[in-house]
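Going down the list, the sequences are from chains A and B.
By numbering that gives the first Met the number 0, the letter at position 99 of the first sequence is numbered 98, and the numbering carries on one by one without gaps.
By numbering that gives the first Met the number 0, the letter at position 219 of the second sequence is numbered 218, and the numbering carries on one by one without gaps.
Heads up, the beta-carbon is just placed ideally off N, CA and C, and yes, glycines get one too.
Please read these numbers as outputs of a predicted model, since none were measured by experiment.
Notes follow the structure.
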Amino acid sequence: MNTSIKREIVIEPGSASKQYWRDLWFYRELFYFLAWRDILVRYKQTVIGIAWSIVRPVITMIIFTLVFGKLAKLPSGGVPYPILVFAGLLPWQFFSASLTASSNSLVANANMISKVYFPRIIVPASRIIVNLVDFVISILILALLMVWYKFVPDWRIMSIPVFLTLAMFASLGCSLWLGALNVKYRDISHLIPFIVQLGLYVSPVGFSSSIVPEKWRLLYSLNPMVGVIDGFRWAIIGDNVYFYLPGVLISLALTFVVFISGLKHFRKTERTFADYI
Amino acid sequence: MNAISVENLGKKYLIRHQKEPSELSDVLGVSARRIVKRLNPFVSSKRSAYREDFWALRNVCFNILEGERVGIIGRNGSGKSTLLKILSRITEPTEGRARIRGRVASLLEVGTGFHPELTGRENIYLNGAILGMSKSEIKKRFDEIVSFAEIEKFLDTPVKRYSSGMYVRLAFAVAAHLEPEILMVDEVLAVGDVQFQKKCLGKMGEIGQGSRTILFVSHNMAAISKLCNRSIWLDLGKVKQVGDTESVISMYLSQGESTSGLAKCNLGNKDIAIIREVGTLDSNGSFQANLAVNKDFYIWIKCTIMQKLSMAQIAVTVLSINGTAVFVSTHTDTKEEEQVLLPGTYTAKVRIPANFLNVGMYTLNVRIFGQLDTHMRASHANAFQVLTFRVEETGSVASRYSDSRGGVVTPILEWEIQQHPN
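What follows is the structure, encoded as structure tokens:
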């Protein structure tokens with residue numbers, strides 16, 4: 000070890016440490032371990048355990064189908080309503096759970112942050128990985144639904160990873176902003192449940208975005224989750240749903256902007272996390 | 000080659016002061032008061048909270064060579080922990096610069112990131128990763144860690160069911176098996192039972208034997224003097240002294256603690272005898288509440304005698320902190336003839352030899368005995384538990400292999416040893 004060339008770190012005020020990405024690579028296992036910890040701990044001391052990951056989306060789907068499909072009689076474009084709802088729930092539940100957990104993760108791990116150095120971005124990012132487990136479980140439920148309704152998806156289903164990636168970036172981007180702000184202003188932790196609750200109504204989860212009037216379409220697409228959810232519907236249900244390309248592109252661009260600006264803001268403030276947390 | 004070089008390092012914090020809320024606002028609530036203020040055009044909206052800069056560290060400079068073991072000492076709030084936090088990149092300095100060469104591991108706390116729901120085995124991996132170990136490194140040292148922590152039987156029990164001792168042992172064991180080039184440790188040895196503390200200290204010493212650079216913050220002077228060859232004394236965010244550990248520690252002890260080593264008491268019978276002041280003096284003759292175990296020190300008494308006392312005695316009792324008398328000594332012990340004290344003011348001091356009182360806290364009782372003309376001999380001035388002092392470990396013979404060997408006294412005695420043929 001002595002013979003190897005030792006790396007030198009310079010600690011200065013405002014020095015956006017040049018080794019950041021190298022450090023991130025060095026700590027890649029921590030990323031894995033934190034995700035692993037959160038998965039292991041998640042359903043400790045619960046009775047039904049992992050079944051929670053099944054119960055939640057299924058119940059939500061049933062209620063949405065009843066309220067939007069049966070009571071409000073919203074159009075489904077010939078697709079079984081439960082599948083329409085589930086195709087929207089899949090990305091939404093992933094997004095909302097990731098956003099909540101990830102934005103609060105820094106404060107939840109305050110002790111680690113004030114006692115150990117590591118690239119802080121590992122904490123919110125690993126929380127998003129945890130929610131992938133739920134996502135995979137939901138995909139399996141969807142597959143069962145498709146079997147039940149004898150619904151055969153086409154080749155577009157292969158594009159799910161693309162939209163999933165988009166959802167990951169959207170949730171990570173928002174979480175970087177909210178998480179970093181939450182370290183200093185705990186108002187954020189009160190704001191997040193509100194955002195998630197409201198987001199459910201302004202995103203096309205329980206209904207198809209085709210019911211939104213044409214002239215409001217562009218404005219509606221400013222919600223980045225609209226593009227993601229529409230993408231999922233397109234991939235799962237296929238042609239039957241109205242696929243609004245400009246909307247998806249706007250969502251894509253917006254997600255990109257939120258992610259990059261979030262990353263920048265996070266990098267700028269993370270050096271002071273230990274002082275404020 | 001410098002492993003760590005620090006130039007003009009400074010760290011500023013903003014402290015917010017807030018005026019005490021008045022009784023009225025207690026009733027109304029602070030926010031209500033604010034609204035009232037805002038609505039009332041006659042009250043200026045000047046905020047009652049104001050901010051103040053506080054420099055936790057300022058103009059700190061030093062260099063640490065590769066392989067050096069350096070102790071950092073100082074009172075609470077002197078900036079030790081802030082320094083370590085900056086050097087381990089947890090927080091950023093406000094000014095100045097530090098250069099660090101080599102892989103750093105810092106240990107500001109044991110068991111950081113431990114999750115109570117996870118088992119011992121799982122926590123070893125998790126904590127190792129948090130401290131910067133790779134999975135293969137942890138795997139390689141896993142058995143060592145487990146046997147060092149002595150938790151073999153409970154490896155698959157969630158740590159929330161561990162006793163606090165087991166918890167700490169496991170946490171330290173993981174940390175002790177880090178293999179960085181530079182190790183920074185903050186007061187983590189102050190945990191666990193004495194037995195385990197010794198083991199930790201031994202392990203630290205072992206780590207220090209290699210070419211590793213160690214930065215060690217502690218209040219435990221014995222640990223510092225055992226582990227570190229050089230020390231830095233921080234005071235109010237500034238470097239007060241840098242040098243070899245022994246001289247820095249003795250300087251630190253000679254003006255460190257809060258009590259001055261002098262008590263003004265004025266106790267006694269006003270018409271006969273009064274004990275004015277009692278103090279402890281270090282080997283240099285200055286008042287000092289913290290005394291080195293391996294140096295002589297003095298107990299010093301100032302008294303005023305109003306009436307002639309025959310068969311007089313100034314007596315000192317040294318008590319251990321739990322109240323047991325360790326010994327009594329009087330100023331007549333070495334005198335054959337009767338002592339008479341005439342009216343006047345006296346100072347007396349008695350030398351307590353080096354390596355006599357063991358490390359610990361002691362209190363003093365002082366009394367003045369004598370006979371007035373035809374009366375019975377009696378005590379005329381009593382000053383009970385008038386002064387507390389501390390005997391500190393500064394690298395005595397006794398501390399060579401352990402922290403403290405126990406016992407009230409710690410004399411160095413003559414030994415003879417012979418080997419006999421079988």
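Looking at the backbone, the Cα of residue 8 of chain A and that of residue 57 of chain B are separated by about 21 angstroms. Sequence-distant Cβ neighbours of residue 148 of chain B in its own chain, meaning closer than 6 angstroms and more than five residues away, are 168, 169, 172. With a 10 Å radius around the Cβ and a threshold of 16 neighbouring Cβ atoms, residue 392 of chain B comes out buried. Secondary structure within the stretch 134-174 of chain B: the alpha helix (DSSP H) runs of 4 or more consecutive residues, fully enclosed, are 134-148 (chain order). The stretch 85-104 of chain B and the stretch 121-129 of chain A do not touch, with fewer than three beta-carbon pairs separated by less than 8 angstroms.
Not a single CB atom of chain A sits nearer than 8 angstroms to the CB of residue 316 of chain B.
Cβ contact annotation for residue 337 of chain B (same chain, cutoff 8 angstroms, sequence separation greater than five): 309, 310, in chain order.
For residue 378 of chain B, no alpha helix (DSSP H) segment is defined; the enclosing uninterrupted segment is the beta strand (DSSP E) at 377-391.
Residue environment analysis places residue 211 of chain B among the buried positions, since at least 16 neighbouring C-beta atoms fall within 10 angstroms of its C-beta. In this structure, residue 137 of chain A and residue 89 of chain A form a Cβ contact; the two beta carbons are roughly 5 angstroms apart against a cut-off of 8 angstroms.
The contact set of residue 29 of chain A on chain B, defined by CB atoms closer than 7 angstroms, consists of 128, 129 in chain order. Only exposed fits residue 147 of chain A, as fewer than 16 other CB atoms lie within 10 angstroms of its CB.
In this structure, the alpha-carbon of residue 127 of chain B lies about 20 angstroms from that of residue 207 of chain B.
Membership of residue 229 of chain B in the beta strand (DSSP E) is indicated by the continuous run 229-234.
Between the beta-carbon of residue 357 of chain B and that of residue 390 of chain B there is about 7 angstroms, and that keeps the pair under the 8 angstroms contact cut. Out of A:248, A:276, A:65, A:195, the CA that lies nearest to the CA of residue 162 of chain A is found in A:248. Selection B:369, B:176, B:299, B:85 evaluated against residue 351 of chain B yields B:299 as nearest (Cα-Cα). For residue 111 of chain B, the nearest beta carbon of chain A is closer than 8 angstroms to its own beta carbon.
At a cut-off of 8 angstroms between beta carbons, residue 68 of chain B makes no contact with chain A. Of all residues in the stretch 34-47 of chain A, those with a C-beta nearer than 7 angstroms to a C-beta of chain B are 36, 39, 40, 43, reading in chain order. CA-to-CA, the gap between residue 91 of chain A and residue 199 of chain A works out to about 8 angstroms. With respect to the 8 angstroms criterion, residue 290 of chain B and residue 276 of chain B are not classified as neighbours on the basis of their beta carbons.
Following the DSSP letters along the chain, one finds residue 237 of chain A in no beta strand (DSSP E), marked with neither H nor E.
In the three-state DSSP reduction, residue 340 of chain B falls in the strand class (E or B).
Nearest Cα to residue 242 of chain A within the set A:207, A:269, A:190: A:207. Chain-order list of chain A residues neighbouring residue 84 of chain B: 273, by C-beta distance under 7 angstroms.
In the same chain as residue 183 of chain A, and ignoring 5 residues on each side of it, the C-beta atoms closer than 6 angstroms to its own belong to 275, in chain order. The bridge partners DSSP lists for residue 15 of chain B are B:50. Taking a Cβ-Cβ threshold of 8 angstroms, the residues of chain B close to residue 270 of chain A are 90, 91, in chain order.
Against chain A, the CB of residue 134 of chain B has a partner CB under 8 angstroms away; the residue lies at that interface.
Where residue 124 of chain B is concerned, the enclosing alpha helix (DSSP H) starts and stops at 119-129. For the stretch 82-116 of chain A, residues whose beta-carbon sits nearer than 9 angstroms to a beta-carbon of chain B comprise 108, 110, 111, 112, 113, 114, 115, 116.
In chain order, 7, 8, 9, 10 make up the part of chain A whose C-beta sits under 8 angstroms from the C-beta of residue 98 of chain B.
Taking a beta-carbon distance threshold of 8 angstroms, residue 32 of chain A counts as an interface residue toward chain B.
Among the residues facing chain A, residue 176 of chain B is not included, as its CB has no counterpart in that chain under 8 angstroms away. In this structure, the beta-carbon distance from residue 84 of chain B to residue 109 of chain A does not fall below 8 angstroms.
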